[in-house]
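Here the sequence shown stands for residues 1 to 364, where the numbers follow full-length UniProt numbering. Note that CB positions come from ideal geometry on N, CA and C, so glycine has one too. All values reported here derive from a predicted model rather than from experimental measurement.
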Amino acid sequence: MIRCIGCGVQIQTEDENKIGYAPPAALEKEEIICQRCFRLKHYNVIQDVSLTDDDFLKILHGIGQSDALVVKIVDIFDFNGSWLPGLHRFVGNNPILLVGNKVDLLPKSAKYPKLIQWMKKSAKELGLQPIDVCLISASKGIGMKRVMEAIEQHRSGKDVYVVGCTNVGKSTFINRIIQEVTGERSVITTSYFLGTTLDIIEIPLDDGAAIYDTPGIINHHQMAHFVDKKDLKTITPKREIHPKVYQLNERQTLFFGGLARLDYIKGGRRSFVCYFANELLIHRTKLENADELYEKQRGELLQPPKKNYVDEFPPLVSHSFTIKEPKTDIVFSGLGWVTCNEPGAQIVAYVPKGVNVLIRKSLI
Ligand code: GDP
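(1) Is it the case that the Cβ atoms of I241 and Y275 are separated by a distance below 8 angstroms?
(2) Using 8 angstroms as the Cβ pair cut-off and three pairs as the minimum, do the region 307-317 and the region 264-282 touch?
(3) Note down, one range per segment and in chain order, each alpha helix (DSSP H) of at least 4 residues found wholly within the region 213-262.
(4) With a 10 Å radius around its C-beta and 16 neighbouring C-beta atoms as the bar for buried, classify Q47 as buried or exposed.
(5) With respect to the alpha helix (DSSP H) encompassing F332, which residues constitute its N-terminal and C-terminal limits?
(6) Buried or exposed: L27, going by 16 or more other Cβ atoms within 10 Å of its Cβ?
(7) Using the Cα positions of L51 and T214, report the straight-line distance between them to the nearest angstrom.
(8) So, with DSSP's three-state summary, where would you put residue 426?
(9) Report whether the distance from the Cβ of K296 to the nearest heavy atom of the ligand GDP is below 7 angstroms.
(10) Going straight from the alpha carbon of E295 to that of L301, what length do you get?
(11) Output the boundary residues of the alpha helix (DSSP H) element that contains K114.
(12) Can you tell which of D228, N249, S156 has the C-alpha that lies nearest to the C-alpha of A210?
(13) Here's a check: name, in chain order, each residue in its chain whose Cβ is nearer than 7 angstroms to the Cβ of R176, leaving out the five neighbours to either side.
(14) Measuring from the CB of G168, is there a heavy atom of the ligand GDP at a distance below 7 angstroms?
(15) Based on DSSP bridge pairs, tell me the residues matched to Y275.
(16) Under 7 angstroms Cβ to Cβ from R270, same chain only, skipping five residues before and after it: list those, please.
(17) Any heavy atom of the ligand GDP closer than 7 angstroms to the beta-carbon of A138?
(18) Between the region 73-86 and the region 329-339, can you find at least three pairs of beta-carbon atoms closer than 8 angstroms?
(19) If we cut at 8 angstroms on Cβ distances, does D159 have a partner in chain B?
(20) Taking DSSP as the reference, what is the three-state secondary structure of K307?
(21) Excluding the 5 residues flanking L105 on each side, which residues of the same chain have their C-beta closer than 6 angstroms to its C-beta?
(22) Hey, would you say G258 sits closer than 8 angstroms to P304, going by beta carbons?
(23) Look up I76 in the DSSP assignment and give the residues it is bridged to.
(24) Distance check for C134 and A150, CA to CA, integer angstroms please.
(25) Taking the alpha helix (DSSP H) that Y294 belongs to, which residues open and close that run?
(26) Can you tell me whether V357 is helix, strand or coil according to DSSP?
(27) Report yes if the C-beta distance between R3 and Q10 is below 8 angstroms; otherwise report no.
(28) Would DSSP call V147 helix, strand or coil?
(29) Which one of D75, I201, E180 has the shortest CA to CA distance from N167?
(30) Using a Cβ-based criterion (distance less than 7 angstroms to any ligand heavy atom), does L105 qualify as near the ligand GDP?
(31) Please name the residue in D206, I200, K158, Y161 whose C-alpha comes closest to that of V181.
(32) With DSSP run on the structure shown, which of helix, strand or coil describes I96?
(33) Is Y80 near the ligand GDP, in the sense that its beta carbon is under 7 angstroms from a heavy atom of that ligand?
(34) Please report the straight-line C-alpha distance between I59 and I200, rounded to a whole angstrom.
(35) Between the alpha carbons of K306 and A260, how many angstroms are there, rounded?
(36) How about Y161 and A277: do their beta carbons lie closer than 8 angstroms?
Set out below in structure tokens:
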């Protein structure tokens, strides 16, 4: 069975008006996306799908009406970008277990208790009070025992719904669970969620309850939607990130490939710690040369995006910040972040139009 990488729906090529339709030619691609997700992705990029996608909303409402444990997965490398805002409004009184995936990407120096504290605090600021917080690497199998115990403890015999936006590693997580819970793959069934056209994966548990894998929702603010597949490989970290430290003078600029840019305007000489995929090239220049360099070198020295993709790439837009707190991250959603240790820096961050940039208390 082939599933859409966007929403998880079963792909069909017969009826264009029915859910899951993809043109037959699309089946030749490595990753298949249904026409609906394709349209959402390409023609509606700025719309916040988590609030407009009917089926997704119905699923969330459905969860709110059932008595269940909700397991919410976020990508710890793209915490804010993968957050799924507003979830708590839909899931009713059901407890939420917050799971940060891809912990293997963070430097070894990052300590678990501190990371968990940070997640709890950030969740609270975003309006969510999780019953528990776990850190895992679904692909490396780190923390799986602990998260399984937490699920077992908090579900107390009830069903479990796993939610998360695309690319957080939900499928990898579910596959691990299936392996560990059942030891085999054949027990998975799919079922329609009441009132929606999307089907979801059901993993039956011994006591008659089940774990439900809900379709992942596309988050259009993610950088991933603005680069092609090869470039996505460059910007998606696969191994532990080695932070790069830059001592910057006032009026110096850092380019992160051709995808983002940080201008350091004012605040004396200071260090900036950059957390990006190790493969992403960081280029330093003088602020006065930055515009011209970008014009001339994007797609060349400054890539990704690659040369043949430069014209389709959205323009960079600027966001100005004054760093007021010590240990602050400037986050380029889905790409990485820069930590500024002392307050008082004036900076301007540039990201492609449609991608979020924000300031937060340092993760590490
Ligand atoms: P889904 O869209 O949420 O179902 O995500 P997938 O399970 O398809 O994973 C998305 C990407 O993240 C894939 O490239 C996975 O290999 C990768 N991934 C999943 N789990 C981990 C993890 O624990 N660590 C790292 N570094 N990558 C992961």
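Working from what's here:
(1) Yes, the Cβ-Cβ distance between I241 and Y275 is below 8 angstroms.
(2) Because the criterion of three Cβ pairs below 8 angstroms is not met, the region 307-317 and the region 264-282 do not touch.
(3) DSSP runs (the alpha helix (DSSP H)) wholly in the region 213-262: 229-235.
(4) The pLDDT assigned to Q47 is 28, lower than 50, so where the model puts this residue is not dependable; a value taken from the coordinates is nonetheless given after this. Label assigned to Q47: exposed.
(5) It is not in any alpha helix (DSSP H) - F332 instead sits in the beta strand (DSSP E) that spans 328-332.
(6) Under this definition L27 is an exposed residue.
(7) Note that L51 scores a pLDDT of 36, beneath 50, so its modelled location is shaky; the value from the coordinates is reported in the next line. Rounded to the nearest angstrom, the two C-alpha atoms are 16 angstroms apart.
(8) What the structure shows of the chain is the stretch from 1 to 364, and residue 426 is not part of that stretch, so it cannot be assessed.
(9) Because no heavy atom of the ligand GDP lies under 7 angstroms away, the Cβ of K296 does not count as near it: no.
(10) Those two C-alpha atoms are separated by around 11 angstroms.
(11) K114: member of the alpha helix (DSSP H) spanning 112-125, first to last residue.
(12) The residue with the shortest Cα to Cα distance from A210 is S156.
(13) Hits under 7 angstroms: A138, G141, M144.
(14) A small fix is needed here, since residue 168 is Val in this sequence, not Gly. Yes, Cβ of V168 sits closer than 7 angstroms to a heavy atom of the ligand GDP.
(15) When DSSP reads this structure, Y275 sits in a beta bridge with W337.
(16) Listed in chain order, the non-local C-beta contacts of R270 below 7 angstroms within the same chain comprise L248, E342, A345, local neighbours out to five positions each way being set aside.
(17) A138 has its CB nearer than 7 angstroms to a heavy atom of the ligand GDP.
(18) At 8 angstroms Cβ cutoff, the stretches touch.
(19) Looking at the structure shown, chain B is missing, and only one protein chain is on hand.
(20) Note: K307 maps to helix in three-state DSSP.
(21) Sequence-distant partners of L105 (beyond 5 residues in either direction) whose C-beta falls short of 6 angstroms from its own C-beta, in its chain, are F77, P237, I241.
(22) Taking 8 angstroms as the Cβ cut-off, G258 and P304 qualify as a contacting pair.
(23) None; I76 has no bridge partner.
(24) Each residue's Cα considered, the two are about 8 angstroms apart.
(25) Residue range 287-297 is occupied by the alpha helix (DSSP H) that includes Y294.
(26) In the three-state reduction of the DSSP assignment, V357 falls in the strand class.
(27) Contact annotation: R3 and Q10 have beta-carbon atoms nearer than 8 angstroms.
(28) V147 falls in the helix class under three-state DSSP.
(29) Selected option, being the one with the closest Cα: D75.
(30) Checking the Cβ of L105 against the ligand GDP gives yes.
(31) Taking only the C-alpha atoms, the option nearest V181 is D206.
(32) Three-state DSSP puts I96 in a strand.
(33) Going by the sequence as given, residue 80 is Asn instead of Tyr. Not under cutoff, so the answer is no.
(34) If you draw a straight line from the Cα of I59 to the Cα of I200, it comes to about 10 angstroms.
(35) Each residue's Cα considered, the two are about 14 angstroms apart.
(36) In terms of Cβ geometry, Y161 and A277 do not form a close pair [threshold 8 angstroms].
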